[in-house]
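To start, the structure itself, in structure tokens.
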Amino acid sequence: MMAIVGILLLAACSVSPAVPTLQATQPVTQMPSPGAEMAVATPVQQQEFELPPNELQAQVSFSLLGLTFVPAGLTDGDSANVKTFADGSQSVEMTYHAADLNSGDARELGFTQSNLQLDLEGWFRVLELPTADNIRPTSVRGSSAYFYATRPGEPGLFWQENGLAYDLRLAGAGWPGAVSDDLLLWMAESLQAGDTANFTYQHRAPQTWLSYTSSTYQFSFAVPREWQQTGDVVFDGDNGFARLETYRGFGARLDQACEMEANLHPERYGAQPTLRSIPQQWNSLDVEDDPCLILPGANAPADALATLLLPDPTQPGQAAFLRLTLDPPHAEMIAFSLDLPHVILTSTAIPLATPDPASIPTQIEPAVTQLGPLTMENYPIAPISLDWPGNSEFAGRIPASVLEKRASLRTASAEELPTSATSAGRVITVEEDTRSTTHIDAVIKVDGQEVYRYAMLPRGGPSRIYGVWNWAGRWVLEANGALVVEGELYNQKAGFQEIFNFSLLEGKPFFFFVQNGKTGIFYDGSTWPAQFDAVYHGACCQPAVANPRANDVMIWFYAQQQSWWDYVELGIFTQPSP
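The sequence shown runs -18 to -1, 1 to 560 under mature numbering (1 follows the signal peptide of the UniProt record, and there is no 0).
As structure tokens, this is what we get:
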């Protein structure tokens, strides 16, 4: 990677409040004529070498800055180019290129920072600017700056700050020319120091943008200064727009809502939309709850839209989301400017250490419910104010007599979601296609031929969140709360916010679903809504041991009923429970 230091890898997609700079535009130095005779000699290069990011700062004589805003689809390389000159000064150049080399994306972003002691004329010579007509003055980070173009359609931005020189330049086809100036200014304002010991995160919008705060929702974002407010959180300009509305779609969490929205509407976003989480805290990414940006992808229509989904700050802790519809060229910059109010949600769960064996009863009488052919037994284990299933010691609260009852049936369960199935004589497989560092696709193939893609946000952790099955001759993909049957989103068909833990019980389909905030059960075409307040699921890493487990005869899981956590066993049991 060609990031400056390790922390800047996370910074590359981080977000912080966008606040317009308060300084007035600085007076611009008189523009020299690039064609005039230069008094400063071209610096003599002495050494050139490549360095990996973790070694870069130690080998450079000045403090490096790193980009915290990089346009989607771009990534830095494995090293940075360092040039050392005869006078001891240095230049560091990084190049960002398309993350997916097979995408046809020809964009490149170059970023140079240097302590070469040159005046403007010397730098214009180094930049090889052909004519003065290609140079336009501006202001960035409180300093005079200059837009330039060495080639048509490949603009750049140069400025000097605190005795150092900085240069950003766009190269290759695919950059939105109408907003290239804004892109360069946003990236320049996003530069942050990589010194983590004395780090103070500051994020400034360009002076050409204006910050707006919603009195209703108490969040802020920035728009180009020339745009006009035409409604409640509605802005329109000659070259773009931003319009806020309540989101009505599917998904019990924001990441699920974003993925389902992106995959459900190719008429808005094209066949392969780009998904990007927009972090709200420095060096911290919460894929499940951070705002999510959807950008148009391959084969997008001419009138394609971009969508920024964000939590509704007036309903903290609820599955309530807002949609900010944006024109695609401005979408990333507006998303990067988003500043949500920080809401601290207090948890009622207080995980304890190993339960006292003396406090565990030897027997618990279950509440037995018959759901068609299914028998469900609920064992109340602990109040939610005392403990929760994510605590590694929680299972120790279940009496041994309860666990022994069907121990022989629980011996086998799938540790991983299946990646292949046979359906109507076809071999169905699912595999992961990592198109960039910001999102992945779950790709369905039938007899080796790709038939479907489901775009997702990437997640940490060792376990996949997607799998494939056969359902009565149709292929089924479960992916992070969505159920896709032969290319159709079943959540939309059935009106379910979330579907999870699909499995085949006695050869027939079973899954949990969330509807109106409650969790229900589906089995073999029948539904039993609102059976639980919640079912513990979707946990990663060590707490994942408490996720629902299933085999072909039974399912066992933890469910919340009002103020208690229950241990539940469900199946078609041939013998009644003792």
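Heads up, the beta-carbon is just placed ideally off N, CA and C, and yes, glycines get one too. If you're wondering where the values come from, they're calculated on a predicted model, not measured in any experiment.
- For LEU146, the uninterrupted beta strand (DSSP E) segment begins and ends at 146 to 153.
- Judged by DSSP secondary structure, CYS240 falls within the alpha helix (DSSP H) whose first and last residues are 236 to 246.
- When C-alpha distances from THR344 are compared across ILE380, GLU359 and GLY231, the shortest belongs to ILE380.
- The straight-line gap separating the alpha-carbon atoms of ILE366 and VAL517 is approximately 13 Å.
- For GLN254, no alpha helix (DSSP H) segment is defined; the enclosing uninterrupted segment is the beta strand (DSSP E) at 254 to 259.
- Contact check for SER485 against ILE554 fails: the beta carbons are separated by 9 Å or more.
- Considering only TYR436, ASP429 and VAL412, the residue with the shortest C-alpha distance to ILE422 is TYR436.
- Across the structure, PRO293 and ALA239 are spaced so that their CA atoms are roughly 11 Å apart.
- Distance from the CA atom of ILE276 to the CA atom of LEU291, rounded to whole angstroms, is 8 Å.
- Beta-bridge analysis with DSSP links VAL384 to no other residue.
- The way I'd put it, the region 303 to 317 does touch the region 210 to 229; three or more beta-carbon pairs between them come closer than 8 Å.
- For ASN473, the enclosing alpha helix (DSSP H) begins and ends at 472 to 476.
- In this chain, ARG107 is not harboured by any beta strand (DSSP E); it is covered by the alpha helix (DSSP H) spanning 102 to 109.
- CA-CA distance, ALA253 to ALA282, rounds to 7 Å.
- Scanning its chain for C-beta atoms nearer than 8 Å, with the 5 sequence neighbours on each side dropped, one finds no residue around ASP285.
- By the C-beta density criterion, PHE93 is buried, having at least 16 other C-beta atoms within 10 angstroms.
- A contact between stretches requires three or more CB pairs, one per stretch, nearer than 8 Å, and the region 357 to 374 meets this requirement with the region 537 to 550.
- Per DSSP, the continuous alpha helix (DSSP H) segment holding SER162 begins and ends at 162 to 171.
- When only Cα atoms are considered, SER121 and GLU136 end up about 20 Å apart.
- In this structure, ALA160 keeps its C-beta atom at 9 Å or more from the C-beta atom of ARG133.
- In the three-state DSSP reduction, SER73 falls in the strand class (E or B).
- Linking PHE376 to LYS387 through their CA atoms gives a straight-line distance of about 19 Å.
- When the alpha-carbon of VAL384 is set against those of GLN543, ILE346, TYR130 and VAL52, the nearest one is in ILE346.
- With fewer than 16 other beta carbons inside 10 angstroms of its own, HIS324 counts as exposed.
- Distance from LEU33 to ALA62 at the Cβ level is roughly 6 Å; contact confirmed, criterion being Cβ atoms closer than 8 Å.
- With fewer than 16 neighbouring CB atoms inside 10 Å of its own CB, CYS523 falls in the exposed class.
- With fewer than 16 other Cβ atoms from the protein chains shown falling within 10 Å of its own Cβ, THR296 counts as exposed.
- Excluding the 5 residues flanking it on each side, SER96 has same chain C-beta neighbours closer than 6 Å at SER73 and ALA147, in chain order.
- Considered as a whole, the region 393 to 466 harbours 402 to 405, 408 to 415, 422 to 428, 431 to 438, 448 to 453 and 456 to 461 as its complete beta strand (DSSP E) runs of no fewer than 3 residues, in chain order.
- Of the candidates GLY449, SER45, GLY469 and VAL450, GLY469 places its Cα closest to the Cα of VAL433.
- Distances from the alpha-carbon of LEU47 to those of MET169, GLY156 and GLU110 put MET169 closest.
- C-alpha of GLY145 to C-alpha of ALA288: approximately 40 Å in a straight line.
- In the structure shown, VAL535 adopts coil according to DSSP, grouped into three states.
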